[in-house]
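For reference, the structure discussed in these notes is given below.
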Amino acid sequence: MGLFDKIKKIGLFKGFSKLDDEFYENLEEAMILADVGVDTTLKAVEQLRARVKAEKIKDVEGAKECMREILAEMMTVGDSGLDLSGKPAILLFIGVNGVGKTTTIGKIGSKLKAEGKKVLFSAADTFRAAAAEQLVIWADRAGAEIVRQNEGADPAAVVFDSIAAAKARGCDAVLVDTAGRLHNKANLMNELNKISRIIQRECPDSSKETLLVLDATTGKNAVSQAREFGQVTDITGIVITKLDGTAKGGIAVTIADEFDMPIKYIGVGEGIEDLKEFVPEEFIGGIFDE
0 MGLFDKIKKI
10 GLFKGFSKLD
20 DEFYENLEEA
30 MILADVGVDT
40 TLKAVEQLRA
50 RVKAEKIKDV
60 EGAKECMREI
70 LAEMMTVGDS
80 GLDLSGKPAI
90 LLFIGVNGVG
100 KTTTIGKIGS
110 KLKAEGKKVL
120 FSAADTFRAA
130 AAEQLVIWAD
140 RAGAEIVRQN
150 EGADPAAVVF
160 DSIAAAKARG
170 CDAVLVDTAG
180 RLHNKANLMN
190 ELNKISRIIQ
200 RECPDSSKET
210 LLVLDATTGK
220 NAVSQAREFG
230 QVTDITGIVI
240 TKLDGTAKGG
250 IAVTIADEFD
260 MPIKYIGVGE
270 GIEDLKEFVP
280 EEFIGGIFDE
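Residue numbers (numbering that gives the first Met the number 0): 0 to 289.
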């Protein structure tokens, strides 16, 4: 169940005895086929060429280790941990429908509960039918409390009620689900701005994380989504879902490099335990471990 099956299928770093132009060309092709963006690929390979020359690396194994370091450095952006300072800390989840946003909220909520924190879910996606019902299921699984209103209610009002409930109940964190639509950026921006104003007014001293959830299987579409959401709100971190055997995984390298955003978690399966804290070195190992 490798994260980079395409690269492994091609046989990255296999079948070459010298570091010549053919080697670098095949490396570029393998990375691009694994959904590493063209610009990020060219930058990484250019760095590899420079380091091979500067460090007088002569063999493919040495180049392999060097590329591991280069890609891990590219993916080490900011703080990959969650800021949960203040009480309640606010975690706002954004992303298009179908990427696993509600599931991610459930899994992170479960992790926080396991750490002894009191957690409240805020069902602020009032636009999509059954969104609140899905969150209720995850709240039950996670042992979290939940605040919801009727379908079509004002999302900011749901967030306001959620914060009030969290304060009254002594909750450590509020995890906010939001509507996953991008077809009208003006409406999305207005909605997120209104929610942000409520959070700032009601919790001025609490930390606020805005986590963009992306589906690894969508490849370049995930890059487009990161760009679009980045234009309407300040994103503090990325969660990349569905990085199991069906995903090529290189999109994670591109997201971290192109947008300078820290990846906080990766999802590698359906279970609650399959949402992993992101460690660049371990992730990059998926490229090379045969």
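Just so you know, even glycine gets a beta-carbon here, dropped at the ideal spot from N, CA and C.
In the DSSP assignment, the residues bridged to F92 are D176, L210.
Here A163 has E201 as same chain residues with Cβ atoms under 8 Å from its own Cβ, once five neighbours each way along the sequence are excluded. With 16 or more other CB atoms across the displayed protein chains lying within 10 angstroms of its CB, V212 is buried. Going by DSSP, F120 is part of the beta strand (DSSP E) stretching over 118-122. Taking the Cβ atoms as the reference, T235 lies roughly 5 Å from E208, within the contact range of under 8 Å. Closest by C-alpha distance to L90, out of A215, A185, D233, is D233. Taking a cut-off of 8 Å for Cβ pairs, the region 91-100 and the region 58-68 do not touch, as fewer than three such pairs fall below it. The three-state secondary structure of L187, taken from DSSP, is helix.
The secondary-structure analysis by DSSP pairs G105 with nothing; it has no beta-bridge partner. The three-state reading of DSSP puts K100 in helix, counting H, G and I together.
Between V44 and Y23, the C-beta spacing is below 9 Å. Excluding residues up to 5 positions away in sequence, D171, A172 lie with their Cβ nearer than 7 Å to the Cβ of K116 in the same chain. Within the same chain, and ignoring the five residues on either side of V222 in sequence, the residues whose Cβ sits closer than 8 Å to its Cβ are G36, I250, T253, I254, E257. About 5 Å separates the CB atoms of S79 and F277; that is less than 8 Å, so the two are in contact. V98 is not a Cβ neighbour of S121, given a cutoff of 9 Å. In terms of Cβ geometry, V146 and L111 do not form a close pair [threshold 9 Å]. In the displayed model, L83 falls within coil according to three-state DSSP, outside both helix and strand. When only Cα atoms are considered, W137 and E21 end up about 50 Å apart. With contacts defined by Cβ atoms closer than 9 Å, L210 and K263 form a contacting pair. Beta-bridge partners of L274 (DSSP): G266. In this structure, K193 places its C-beta atom within 9 Å of the C-beta atom of P154. Counting the other Cβ atoms within 10 Å of the Cβ of P203 gives fewer than 16, which makes it exposed. Around the beta-carbon of G77, fewer than 16 other beta-carbon atoms lie within 10 Å, marking it exposed. For G236, DSSP records a beta bridge to L210. Taken atom to atom, the span from the alpha-carbon of F126 to that of L191 is near 13 Å. In the three-state reduction of the DSSP assignment, E281 falls in the helix class. Within the same chain, and ignoring the five residues on either side of R48 in sequence, the residues whose Cβ sits closer than 7 Å to its Cβ are Y23.
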